[in-house]
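Some notes on the structure that comes next.
2 protein chains.
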Amino acid sequence: MINPNYRLLVVSTSTIYGSGYLEYIREEVIDFLKTDELLFIPFARPSGISHDDYTQNVVNALEPFGIKVSGLHTYNDPKEAVRNAKAIFIGGGNTFLLLKTLYELGLVDVIREVVANGVPYMGSSAGSNMTGLTIGTTNDMPIVYPPSFNALQFLPFNINPHYLDPDPNSTHKGETRETRINEFHKFNSQSVIGLREGSWLRVENGEIELKGTLKARIFKPNEDAIEVESGKLSATIYS
Amino acid sequence: MINPNYRLLVVSTSTIYGSGYLEYIREEVIDFLKTDELLFIPFARPSGISHDDYTQNVVNALEPFGIKVSGLHTYNDPKEAVRNAKAIFIGGGNTFLLLKTLYELGLVDVIREVVANGVPYMGSSAGSNMTGLTIGTTNDMPIVYPPSFNALQFLPFNINPHYLDPDPNSTHKGETRETRINEFHKFNSQSVIGLREGSWLRVENGEIELKGTLKARIFKPNEDAIEVESGKLSATIYS
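Chains as they are written, first to last, in full-length UniProt numbering: chain D, 1 to 239; chain P, 1 to 239.
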């Protein structure tokens, strides 16, 4: 059961090959946000980029289309800034760093509150991991130690962004993504939705729609993974 | 400064492409262990394999060569079993699960003690992550939440096993291994040794030797990564 107030855009990747930041998904973002003011949360710092530089990337991508972007790091009172937000975007980067920072600033509960009140939430990559139950299916390195792996928990499953199919020609012996998710399911019962690059979930009115042209891969404990086509997902698929 | 009592074999991968479990490194393992009795720690459970099945793999690989293998999970008192071990091998799998289990069973300090007393320690993959300062450069998914990311800390740096060079033809937008390690260095100061599959470190008499035919890649904060050839590593390389 998804809270019908939730408005979520859960994006596998901000950038697809050969295209600029958020370029491939810009129309969807604008249609989804339905606002001219966006609060950007830059804490995941991809490649260690500064909060300012990261926010500037979002400004460059969205301001030409009439969306004013401010970085949460520029506010003296980040909780208050979240409470006043018309829409929230958490960008990708390192999931551990992102979640640790949200806990340290006391933002986890505040973000949950405003999103439960209907404020649109968009996440990409690490920001999409936040929408699931835990960060237990992130692809990132544990570069810092968060006080918990529990995420924002809007959705009753976990996200695996940048989902990657095994390369049949690989000679590498490190685990494939699917093997890693199967290991997760030895110790965790929630479904995992593997979102390939170019896919996203749009959540509104208590319903989840898989968008983009690709299929998504759904993993459950003790079952073979299945592929789902884009379109509305029935609750039996993910619960 | 490496404790001169330490005898460590820090292996990137147990298995290389086209070869059986431990096969490519068997002679080195036998030469290193210098014992006919090995205590195997199966807690990392690759692909969720049972402790029994995992131990059996090691039995099959080493008992034909005169090394008797017992699994730590079969002992009523695992601390006592570690204290009595003639040699220890921690196998690969999930690094988070492994470290959490070591903490839960109170084994971290006991393993440190016996290794400081000269008991040979061999690790592969996740078992090699244990020899560094933290698990902050593991490649694994955080499928369980350990009480700390601090590892066994025999070595004054971190290991990245299964080190993988970027694929110049890739269209995938997930972070490369090098990008991930650079993100680690925004928040951590220790060096990271990326061990490619087929490489290992042998540590004896306070010295570290890189073995196998491949180079290793050394990362430090705010410096370009460097490649080192097999052979003795000078302390300036990793400190």
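Here a beta-carbon is modelled for each residue, glycine too, at the ideal position from N, C-alpha and C.
Below the 9 Å Cβ cutoff, chain P contributes THR171, HIS172, LYS173, GLY174 as neighbours of GLU197(D), in chain order. Against chain D, the beta carbon of PRO142(P) has neighbours under 7 Å at ILE135, GLY136, THR138, PRO142, PHE149, listed in chain order.
The beta-carbon distance between ILE193(D) and TYR238(D), rounded to whole angstroms, is 6 Å. This is short enough to meet the 8 Å contact definition. For ARG45(P), at least one C-beta of chain D is nearer than 9 Å to its own C-beta. Sorting GLU37(P), LYS79(P), ASP53(P), TYR21(P) by C-alpha distance to the C-alpha of GLY66(P) places GLU37(P) at the top. Counted as a single uninterrupted DSSP element, the stretch harbouring ILE90(P) is not any alpha helix (DSSP H) but the beta strand (DSSP E) occupying residues 88 to 90. The alpha-carbon of ILE143(D) is positioned some 31 Å away from that of LEU214(D).
For PHE187(D), a Cβ of chain P is located within less than 9 Å of the residue's own Cβ.
Shown here for LEU164(D): same chain residues with a beta carbon closer than 6 Å to its own, the five before and five after excluded, namely ARG177 in chain order.
Where LYS211(P) is concerned, the enclosing beta strand (DSSP E) starts and stops at 207 to 211.
When DSSP states are grouped into helix, strand and coil, LEU155(P) belongs to the coil group. In this structure, the CA atom of MET1(D) is about 15 Å from the CA atom of ARG202(D).
A Cβ-Cβ distance of about 6 Å is found for the pair MET141(P) and THR137(D), placing them in contact under the 8 Å criterion.
Listed along the chain, the chain D residues whose CB falls inside 9 Å of the CB of ILE16(P) are THR171, LYS173. Around the CB of ALA116(D), fewer than 16 other CB atoms lie within 10 Å, so the residue is classed as exposed. One finds ASN182, GLU183, LYS186 in chain P with Cβ atoms closer than 7 Å to the Cβ of GLY48(D), taken in chain order. Residues of the stretch 157 to 170 of chain P with a C-beta less than 7 Å from any C-beta of chain D: HIS162, LEU164, listed in chain order.
Using a CB distance below 7 Å, no part of the stretch 217 to 239 of chain D faces chain P.
VAL203(D): member of the beta strand (DSSP E) spanning 200 to 204, first to last residue.
Under the 9 Å criterion on CB atoms, PHE96(D) is classed as interfacial with respect to chain P. If you draw a 10 Å sphere on the C-beta of TYR6(P), you find 16 or more other C-beta atoms in it, and that means buried. For the C-beta of THR179(P), the chain D residues within less than 7 Å are, from N- to C-terminus, SER47.
Looking only at ASN222(D), ALA216(D), PRO221(D), the smallest Cα-Cα distance to GLU229(D) is reached by ALA216(D).
Using beta-carbon distances, GLY93(D) counts as an interface residue toward chain P, with a partner under 9 Å. For a Cβ distance threshold of 8 Å, nothing in chain D lies close to THR55(P): the least Cβ distance comes to about 17 Å.
In the three-state reduction of the DSSP assignment, LYS79(P) falls in the helix class, which pools H, G and I. Between the C-alpha atoms of GLU63(P) and VAL69(P) there is a straight-line separation of about 7 Å.
Under a criterion of Cβ atoms nearer than 7 Å, no residue of chain P is adjacent to THR101(D); the nearest Cβ is some 11 Å distant. Below the 8 Å Cβ cutoff, chain D contributes LYS173, GLY174 as neighbours of THR13(P), in chain order. In this structure THR55(D) does not touch SER125(D) by the C-beta definition: roughly 16 Å separates them, more than the 8 Å allowed.
By a beta-carbon distance limit of 8 Å, LYS220(D) contacts SER191(D). Their separation comes to about 5 Å. Around the beta carbon of GLU80(D), fewer than 16 other beta carbons lie within 10 angstroms, which makes this residue exposed. In this chain, the alpha helix (DSSP H) harbouring LYS100(P) covers 95 to 104. Runs of the alpha helix (DSSP H) lying entirely within the stretch 122 to 190 of chain P, each at least 4 residues long, are 126 to 129, 177 to 184 in chain order.
Going by C-alpha positions, HIS172(D) is about 41 Å away from GLU204(D). Counting the other Cβ atoms within 10 Å of the Cβ of ILE88(D) gives 16 or more, which makes it buried.
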